[in-house]
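Using my numbering, read the sequence shown as starting at 213 and increasing by one per residue. We put the beta carbon where it would ideally sit given N, CA and C, even for glycine.
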Amino acid sequence: GKQITNVADGVNAKDAVNKGQLDDLAAKQNATDDAAVKYDDAKSKDKVTLKGKDGTVLDNVKAGNISSTSKEAVNGSQIHNISNSIKNSIGGNTVVNPDGSLTTNNIG
Numbered sequence: 213g214k215q216i217t218n219v220a221d222g223v224n225a226k227d228a229v230n231k232g233q234l235d236d237l238a239a240k241q242n243a244t245d246d247a248a249v250k251y252d253d254a255k256s257k258d259k260v261t262l263k264g265k266d267g268t269v270l271d272n273v274k275a276g277n278i279s280s281t282s283k284e285a286v287n288g289s290q291i292h293n294i295s296n297s298i299k300n301s302i303g304g305n306t307v308v309n310p311d312g313s314l315t316t317n318n319i320g
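Below, the structure is given as structure tokens:
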């Protein structure tokens with residue numbers, strides 16, 4: 213086959229692109245690919261493993277539904293609210309610790 217050479221970079225929507233432009237696009241895609249979250253098994257899509265060395269924090273998680281049938285994730289403020297509700301039920305000087313556990317030595 214014949215090769216077309218010295219093709220300028222395409223600029224407009226209907227311009228042809230050259231191999232250099234395609235290579236640049238592929239390099240940008242590959243650079244971001246390692247940061248993408250992917251399913252462990254792309255076919256079953258039933259598990260995602262995050263690979264942070266010391267674990268991975270998911271930030272800005274919207275409050276999920278808390279019910280007997282919910283399969284939504286919950287966030288830290290929801291867990292704190294549950295702990296706080298239990299603390300108030302126990303009474304006394306019960307404290308909700310930063311890890312969500314409760315401490316008390318004077319049950320009211």
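Inter-residue Cα distance where the pair is residue i and residue j
| i | j | result |
| --- | --- | --- |
| Leu262 | Asp245 | 14 angstroms |
| Asn317 | Ile294 | 20 angstroms |
| Val308 | Ile298 | 9 angstroms |
| His292 | Ala243 | 38 angstroms |
| Tyr251 | Ser279 | 26 angstroms |
| Val219 | Val229 | 8 angstroms |
| Lys226 | Gly213 | 24 angstroms |
| Gly267 | Ala239 | 28 angstroms |
| Gly222 | Asp235 | 13 angstroms |
| Lys274 | Gly304 | 32 angstroms |
| Asn224 | Gln290 | 50 angstroms |
First through last residue of the alpha helix (DSSP H) which encompasses residue i
| i | result |
| --- | --- |
| Asn293 | Gly288 to Ile302 |
| Thr244 | Lys231 to Asp245 |
Secondary structure of residue i, DSSP reduced to three states
| i | result |
| --- | --- |
| Val219 | coil |
| Thr281 | coil |
| Val308 | strand |
| Leu314 | strand |
| Gly267 | strand |
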